[in-house]
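Per this note's numbering, the sequence shown starts with residue 1, numbered consecutively.
Here a beta-carbon is modelled for each residue, glycine too, at the ideal position from N, C-alpha and C.
Only a predicted model underlies this, so the values are computations on that prediction, with no experimental measurement involved.
Accompanying notes for the structure given below.
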Amino acid sequence: RDKVDKLEYHLRQKGLLPHAPIVRVFDAKGQTDVWTVRKAGLGLLMSIRGDAKPIPGIEDVSVPVEHLAEYVAEIKRVCADYGTVAAYYAHASAGCLHIRPLVNLKDAQGVRVMDEITRAAAEMAHRFSGVLSGEHGDGLQRSELNETIFGPELYQAMR
């Protein structure tokens, strides 16, 4: 419990939990309840009213844990610069983040915003020695960002 207190203090000092409540569970039933909510999370997120939805695209970035707080702070700033917020869930102990900016892809402005947020996330992942897809693979969705992530030399070797 002392470790949880120290972690919460550290995160609040870094400004990463300014208003966020912390749910602490130390028993099996509480842990089961937390996992039940976690598994329902994506469905709950997608039920947000309105045209802006939590969009995948940067939901698999992984950065070294020592850069995690700075990466999250920068993503929050980028989203704010575009007038939006994001949903965050993670395998934080491994540096793998699932971040979904709330964007309306039904209009051209929203498509442009998501593209720019994605490019910013790719640049940050590279700068923090991370990857754009730490859990699920690169695939076609991210292929246009390969040069940003892997650098020009490795990108040319892969071509």
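Whole-angstrom C-beta distance between Ile99 and Ala86, which should lie under 8 Å: 5 Å
Beta-carbon spacing of Leu145, Ala122 below 8 Å: yes
Selected residue, minimal CA-CA separation from Pro64, among Met124, His136, Met158 and Gly15: Met124
Euclidean distance between Cα positions of Glu66 and Arg49: 35 Å
Test item: CB-CB of Val131 and Leu97 under 8 Å: No. Outside cutoff.
Whether Tyr82 touches Ile117 by CB criterion (8 Å): yes
Given Pro21 as reference, the closest of Asp27, Thr32, Ala28 and Asp5 once Cα atoms are compared: Asp5
Simplified DSSP assignment, three categories, for Lys76: Note: Lys76 maps to helix in three-state DSSP.
Own chain, CB closer than 6 Å to Leu68, minus 5 neighbours either side, in chain order: Cβ within range, chain order: Gly95.
Run of the alpha helix (DSSP H) containing His126, from where it starts to where it stops: Ala108 to Arg127
Residue span of the beta strand (DSSP E) that contains Val103, given as start and end: Cys96 to Val103
Bridge partner(s) assigned by DSSP for Val4: Beta-bridge analysis with DSSP links Val4 to no other residue.
Nearest to Ser93 (by Cα), restricted to the options Leu7, Arg24 and Val25: Leu7
Beta-carbon proximity list for Glu59, same chain, < 7 Å, skipping 5 on both sides: His98, Ile99 and Arg100
Under the three-state DSSP convention, the category His10 falls into: Note: His10 maps to helix in three-state DSSP.
Three-state secondary structure (DSSP) of Val65: helix
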